[in-house]
Amino acid sequence: MWWYKTGCRSPHSVQHPLLLQLVQLQHSPAKIPSSLPLSASQLILSSRQSTSPFSFSTASNRKLFHTKRPAGTRQFALLNKRNTSLPTFTQPALTASTSIASTRHLNILPKMSVNLYAEDTPAPTRDAKGLHLISQSTPNGVKVQILLEELKAIYGTEWTTSIINIGTNEQKKDWFLRLNPNGRIPVIIDNTQSPPHPVMETSAELLYLIEREDKDNIFGFTDPLERSQMLQWLFFWHGSGAPYQGQVNHFFKFAPEQIEYPKTRFRNETLRVFGVLEIQLSGKYTGQPREYLAGKGVGKYSVADIGTWPWVKGWAFSGAITKEDMEAFPHLLQWIDRIATRPAVERGTGDNYNASKRPDLYVGEKK
Ligand SMILES: N[C@@H](CCC(=O)N[C@@H](CS)C(=O)NCC(=O)O)C(=O)O
Numbered sequence: 033m034w035w036y037k038t039g040c041r042s043p044h045s046v047q048h049p050l051l052l053q054l055v056q057l058q059h060s061p062a063k064i065p066s067s068l069p070l071s072a073s074q075l076i077l078s079s080r081q082s083t084s085p086f087s088f089s090t091a092s093n094r095k096l097f098h099t100k101r102p103a104g105t106r107q108f109a110l111l112n113k114r115n116t117s118l119p120t121f122t123q124p125a126l127t128a129s130t131s132i133a134s135t136r137h138l139n140i141l142p143k144m145s146v147n148l149y150a151e152d153t154p155a156p157t158r159d160a161k162g163l164h165l166i167s168q169s170t171p172n173g174v175k176v177q178i179l180l181e182e183l184k185a186i187y188g189t190e191w192t193t194s195i196i197n198i199g200t201n202e203q204k205k206d207w208f209l210r211l212n213p214n215g216r217i218p219v220i221i222d223n224t225q226s227p228p229h230p231v232m233e234t235s236a237e238l239l240y241l242i243e244r245e246d247k248d249n250i251f252g253f254t255d256p257l258e259r260s261q262m263l264q265w266l267f268f269w270h271g272s273g274a275p276y277q278g279q280v281n282h283f284f285k286f287a288p289e290q291i292e293y294p295k296t297r298f299r300n301e302t303l304r305v306f307g308v309l310e311i312q313l314s315g316k317y318t319g320q321p322r323e324y325l326a327g328k329g330v331g332k333y334s335v336a337d338i339g340t341w342p343w344v345k346g347w348a349f350s351g352a353i354t355k356e357d358m359e360a361f362p363h364l365l366q367w368i369d370r371i372a373t374r375p376a377v378e379r380g381t382g383d384n385y386n387a388s389k390r391p392d393l394y395v396g397e398k399k
């Protein structure tokens with residue numbers, strides 16, 4: 033019998049992929065979705081759940097016991113097939129030799145291909161043959177624009193671009209939601225895949241592009257620890273930087289009324305995460321100042337920087353953060369300037385992505 037040690041009930045603690053699947057099993061043991069990975073579907077779940085399905089452990093205290101459940105712990109019980117004394121279930125349709133990848137392919141992908149493009153999908157997107165980008169030069173759009181320009185400079189990567197105006201809510205229309213249900217830019221579609229493969233969420237897009245194009249790992253790393261560091265900083269900004277700075281822009285610049293609490297809260301959080309980047313770049317705790325966020329020594333320019341820079345360089349946009357505030361982050365300011373001078377960065381932020389300069393790329397409602 034296996035007991036899964038729990039310690040934390042926060043939403044973050046249920047992120048372990050296997051555990052998320054087990055939560056699904058627990059909620060609906062009679063109906064196991066066919067998309068469940070085989071490993072999870074083969075597990076047999078005890079009906080004697082002792083507590084909320086959301087009481088799983090964080091990575092730090094996660095542990096499987098092959099003994100009796102220790103007293104005083106809130107546990108999620110998994111039984112292996114040898115234990116027949118408790119109610120069990122299995123997923124009959126899947127066998128050990130059935131790969132989930134093939135199941136997914138059969139059940140889901142053909143539907144995606146039928147529905148990916150609609151009649152009102154703008155022609156440049158619907159007819160694209162290779163990589164296609166739908167963007168606008170916002171901080172998130174610029175991330176992907178820059179990486180594509182970098183890849184073009186090194187490898188001759190080709191793609192086509194459509195620019196939309198998010199001010200008209202083009203990204204909330206049905207044709208766009210088929211490509212990115214989140215209704216936000218940017219999105220890329222790889223039409224060389226069959227069916228075409230859309231990618232949403234900027235960090236996932238950056239990773240998709242380097243896996244597809246960056247054969248020499250110029251914007252990524254071969255060393256697993258350096259790659260791990262790159263992912264940490266890429267995720268740090270995606271999860272703990274962009275959302276705060278985005279809210280600063282919203283509450284200071286766009287909100288219909290000025291409300292002090294969120295303005296203070298998000299301004300302070302943004303300055304705090306700038307401070308985190310400053311710690312990394314200054315080498316405050318390592319004794320090694322660095323030029324880039326990830327990599328050995330002074331680091332190497334990578335998608336961690338590309339995913340972070342377009343937001344941080346726009347610190348002045350909201351009017352909430354002053355020059356005096358930024359004086360606390362000298363290494364961060366140097367990093368902003370260092371990256372700004374790259375030719376691909378200049379191109380990725382330049383006129384080629386400006387709808388008024390490139391009306392030929394502009395699709396959808398314009399206003
Ligand atoms: N987490 C998403 C965020 C994308 C995002 O928020 N994009 C903004 C532009 S910077 C957008 O499309 N806003 C329009 C809207 O919210 O409808 C990502 O990283 O791709």
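So for the sequence shown, our numbering puts the first residue at 33; every next one is plus one. Ideal placement from N, C-alpha and C gives every residue a C-beta, glycine not left out.
Where residue 159 is concerned, there is no enclosing alpha helix (DSSP H), because DSSP gives it neither an H nor an E. Counting C-beta atoms within 10 angstroms of its own C-beta, residue 187 has fewer than 16 neighbours from the protein chains shown and is therefore classed as exposed. With fewer than three CB-CB distances shorter than 8 Å, the segment 296-312 does not count as touching the segment 235-245.
If you draw a straight line from the Cα of residue 352 to the Cα of residue 320, it comes to about 31 Å.
In this structure, residue 343 sits near residue 171, with a CB-CB distance shorter than 8 Å. The C-alpha of residue 394 is placed about 22 Å away from the C-alpha of residue 229. Rounded to the nearest whole angstrom, the C-alpha separation of residue 355 and residue 376 is 27 Å.
Cβ atoms of residue 178 and residue 217 stay farther apart than 8 Å, at about 14 Å. The beta strand (DSSP E) runs of length 3 or more contained entirely in the segment 178-223 are, from start to end of the chain, 191-195 and 219-222. Taken through DSSP and simplified to helix, strand or coil, residue 295 comes out as helix.
Taking 7 Å as the cut-off, one finds no heavy atom of ligand 1 near enough to the beta carbon of residue 164. Runs of the alpha helix (DSSP H) spanning 4 or more residues and lying entirely within the segment 236-292 occur at 256-272 and 274-281, in chain order. With fewer than 16 other beta carbons inside 10 angstroms of its own, residue 382 counts as exposed. Distances from the alpha-carbon of residue 203 to those of 332, 154, 389 and 280 put 154 closest. Ranked by how close their Cα comes to the Cα of residue 331, the residues 313, 317, 340 and 347 have 313 in first place. A residue is called buried when at least 16 other Cβ atoms come within 10 angstroms of its Cβ; residue 175 meets this threshold and is buried. Put simply, the segment 281-297 does not touch the segment 264-272. Fewer than three CB pairs are less than 8 Å apart.
A distance of 8 Å or more separates the beta carbons of residue 378 and residue 197.
When the beta-carbon positions are compared, residue 220 and residue 163 come within less than 8 Å of each other. Under the DSSP definition of a beta bridge, residue 324 lacks any partner.
Here the distance from the Cβ of residue 172 to the nearest heavy atom of ligand 1 is below 7 Å. Residue 161 sits close to residue 223, with the two beta carbons spaced by under 8 Å.
Assigned with DSSP and collapsed to three states, residue 176 falls in helix. Selection 152, 334 and 173 evaluated against residue 385 yields 173 as nearest (Cα-Cα). Burial is judged here by how many other beta carbons sit within 10 angstroms of a residue's own beta carbon; residue 399 has fewer than 16 and is exposed. In this structure residue 152 is exposed. Its beta-carbon is surrounded by fewer than 16 other beta-carbon atoms within 10 angstroms.
For a cut-off of 8 Å, the C-beta gap from residue 265 to residue 326 is around 5 Å, short enough to register as a contact. Annotation for residue 245: 183, 187 and 189 place their beta carbon closer than 7 Å to its own, counting only its chain and skipping 5 residues before and after. Residues of the same chain with a CB within less than 7 Å of the CB of residue 346, apart from the 5 flanking positions on each side, are 171 in chain order. With a threshold of 16 other beta carbon atoms within 10 Å, residue 388 falls short and is exposed.
Relative to ligand 1, residue 279 has its C-beta separated by 7 Å or more from all heavy atoms. When DSSP states are grouped into helix, strand and coil, residue 230 belongs to the strand group.
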